[in-house]
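Residue numbers (numbering that gives the first Met the number 0): 0 to 591. Data block below; observations after.
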Amino acid sequence: MAHQNAHPHCVAANGIFRSEALALRPVDLGKHRPSAPLLNRLPASFWLRHRAIPWVQLGDTIAIAFATAEEAERQQQTLTAHFGPFIPVLAPAGQISSLLLRHFRTSMARQASHSVAPELSSRTLFQHARRLKQLLPVCTVFCLAVLFPLEVFSFCCGAALLLLLLFTGLKLSGLFAFLLARRHRHAATAAGSALEILPKITVLVPLYKEAEVSSALLKRLTRLTYPKDRLEVLLVLEEHDSLTQMALADTTLPAWIAAIEVPSWGELRTKPRAMNYALNFCQGDIIGVWDAEDAPQPDQLQKVAAGFANAPPDVACLQGVLDYYNPRANWISRCFTLEYASWFRVILQGIARLGLVVPLGGTTMFVRREVLDRLGGWDAHNVTEDADLGVRLYRAGYRTQMLPTATYEEASCHFPAWVRQRSRWLKGFMATYLVHMRRPMQLAQTLGWFRFLGFQGFFLGTIGQFLLAPFLWTYWLVILGLAHPSAALLPEGLLLFGLSSLIFFEALGVGLAIIGAFASGRPRLALWAPLLPIYYLMGPVAVYKALYELLYDPFFWDKTSHGLHPPDISAREHRTCGPKSRPENHPITPKT
């Protein structure tokens, strides 16, 4: 206690500041070399988040530098527990961050690739011994197909029908829950009106070779109406991405937007790895994600704050509606927009209300910071880290609610780009399914059988409808009066049932798209819904590409190019998911 009495700014052992503590002595850390043993008492994310660093040790007392006196006061209890009595001093935030990066940069880059437990990560799914086990069923099926071609073909036709029925059941459940909820919907409270203290929100915006969209992105961010002193936007860049860095170099960012460069570590270069690294710098209590081409509604973050304030503690995530702002580009973009409208505005709404596992979208998702830290962030080796995180949330006892707000994106509207994007999604779905089905009984006990069945319906249904599509197409032979290849083994009634199920499935998809078009405020788009069966013919190409990559290049991120098609209609012309807000303009000025 001698050092405590000797220094007027020392924090007492019980964590209570003296009255003089707010007038902290400024220090210069320019020639300071941080002490590794002191820094390692707390994780890098703590020091970076609170902009603090141990400065010097004076006997048994540590002097800790803070960027602000308020932060020193807020962290007194935590730091006293780890260091005992300490002396708070003030230092420039830039110096603190620079020293912390010098010490933690390598370890953070390494940890970003391995933050999720091995048994829940895709990185252990494709180890050599496991890959041999995974190839064994494929080789077995191939051998059986050579020896018993008709029997194997008939089995695949039956399996395709079973998965079709499973996916149909999931869609119908979501539709019925959606329609029931609309009948009992009550007037929503204005977003954020009851909140006296708004939470600090950090939004990560991963950028990779996005020179075409960076300027448009910054303009959209300035339209956000959330108080800027409660908002932090981190632009996450790879350190070797000179294209995006040059695009941002000529721009002066406002104080609430910062750029984070992610150092390389090994050959892995994925969006979730970059976000894991950036998570160390986040100061918000709520962490959100937007993509480079996103155009969120201006009042979206107010709705996020209100949503978490009104949600029960087990709601750890809010998922917003995703939509497209270039549906008029061509027929593919129109069908893509209809697909998203039926999924995010209808089916997913019902799935969430039923309490089933919600597979998150890669953007417009917001998670409580403490829960995300507890789960280890995102799986850096999964190319659909969003869907995987959605499953892990439910396995940990949390759940996701849908958020009444929309974000508009750029639809991939050319066949090669569509296939690349969809193949990445399907590869990630396959990996996510295999990871969580390592111990199926344990998964069923954790989720409960109802959610377990919904999990099967989504992943097997989504993958199976494309993977086994050629076998489903054979049922169309029946309506043409042609003999089905399996007619000798399968009863005629089963073939007719298969045809009827296929027709119902296609009609259901068209009907959901029409409902989604009206729900999104684009009724004319419903005229294109009958083209969806033709649109989905591209799916098998994507799924077989995904299957090949799953076996030979599972961590490859086939990037989607953005900025090719500017918005053909303002997002504000569409029906929103809640009250509209007048955007504020906070201009971002170019450097001179």
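Even for Gly, the Cβ is constructed at its ideal location relative to N, Cα and C.
Start-to-end residues for the beta strand (DSSP E) that takes in residue i
i, result
"residue 54", "51-57"
"residue 407", "398-408"
"residue 205", "200-206"
"residue 234", "230-237"
"residue 315", "314-323"
Close beta carbons around residue i, own chain, < 6 Å, minus the five adjacent residues each side
i, result
"residue 308", "194"
"residue 113", "none"
"residue 299", "404"
"residue 463", "162"
"residue 167", "504"
"residue 177", "345, 348, 349"
"residue 571", "Residue placement at residue 571 cannot be trusted, given a pLDDT of 43 that sits under 50; what the coordinates show is reported in the next sentence. Closer than 6 Å at the Cβ level, and outside the excluded window around residue 571, lies no residue."
"residue 242", "208, 210"
"residue 115", "375, 378"
"residue 421", "541"
Residues near residue i in its chain [Cβ-Cβ closer than 7 Å; skip 5 each side]
i, result
"residue 402", "302, 303, 306, 317, 318, 319"
"residue 424", "383"
"residue 139", "none"
"residue 78", "63, 85"
"residue 515", "337, 340, 341, 344, 345"
"residue 169", "453, 456, 457, 460"
For residue j and residue i, believed in contact at Cβ under 8 Å, the rounded distance
i, j, result
"residue 216", "residue 204", "7 Å"
"residue 51", "residue 70", "7 Å"
"residue 99", "residue 43", "7 Å"
"residue 495", "residue 477", "7 Å"
"residue 544", "residue 418", "6 Å"
"residue 400", "residue 310", "6 Å"
"residue 282", "residue 48", "5 Å"
N- and C-terminal bounds of the alpha helix (DSSP H) containing residue i
i, result
"residue 372", "368-373"
"residue 362", "Looking at the DSSP string, residue 362 is not in any alpha helix (DSSP H), and its letter there is neither H nor E."
"residue 387", "384-394"
"residue 243", "241-248"
"residue 334", "330-341"
"residue 345", "From DSSP, residue 345 is part of no alpha helix (DSSP H); its letter is neither H nor E."
"residue 196", "Per DSSP, residue 196 belongs to no alpha helix (DSSP H) and is neither H nor E."
"residue 544", "538-551"
"residue 218", "213-220"
"residue 532", "531-534"
"residue 37", "35-38"
"residue 309", "299-309"
Neighbourhood of residue i by C-beta distance below 8 Å, restricted to the same chain and skipping five residues each side
i, result
"residue 226", "197"
"residue 229", "197, 198, 199, 200"
"residue 88", "8, 23, 24, 25, 26, 54, 62, 63, 64, 65"
"residue 442", "394, 435, 436, 451, 454"
"residue 397", "313, 314, 315, 316, 370"
Is there contact here, the stretch 152-161 with the stretch 255-262, by at least three beta-carbon pairs under 8 Å?
-> no
Could you give the uninterrupted runs of the alpha helix (DSSP H) lying entirely in the stretch 425-461, keeping only those of 4 residues or more?
-> 439-446
What alpha helix (DSSP H) runs, 4 residues minimum, are completely inside the stretch 42-107?
-> 43-49, 68-73, 75-82
Evaluate the contact criterion for the stretch 425-440 versus the stretch 387-398: three or more CB pairs, one atom per stretch, below 8 Å.
-> yes
Answer yes if the stretch 274-281 comes into contact with the stretch 366-380, meaning at least three C-beta pairs across the two stretches below 8 Å, and no otherwise.
-> yes
Complete runs of the beta strand (DSSP E) confined to the stretch 256-288 [at least 3 residues] = 256-261, 285-288
Mind listing, in chain order, the continuous beta strand (DSSP E) runs of no fewer than 3 residues lying wholly within the stretch 461-498?
-> none
Taking one C-beta from the stretch 287-297 and one from the stretch 351-365 each time, how about it: are there three or more such pairs within less than 8 Å?
-> yes
So, do the stretch 332-342 and the stretch 530-541 have three or more beta carbon pairs nearer to each other than 8 Å?
-> yes
With a cut-off of 8 Å, do at least 3 Cβ pairs link the stretch 444-456 to the stretch 466-473?
-> no
Stretch pair the stretch 484-504 + the stretch 319-334: three plus CB contacts closer than 8 Å = no
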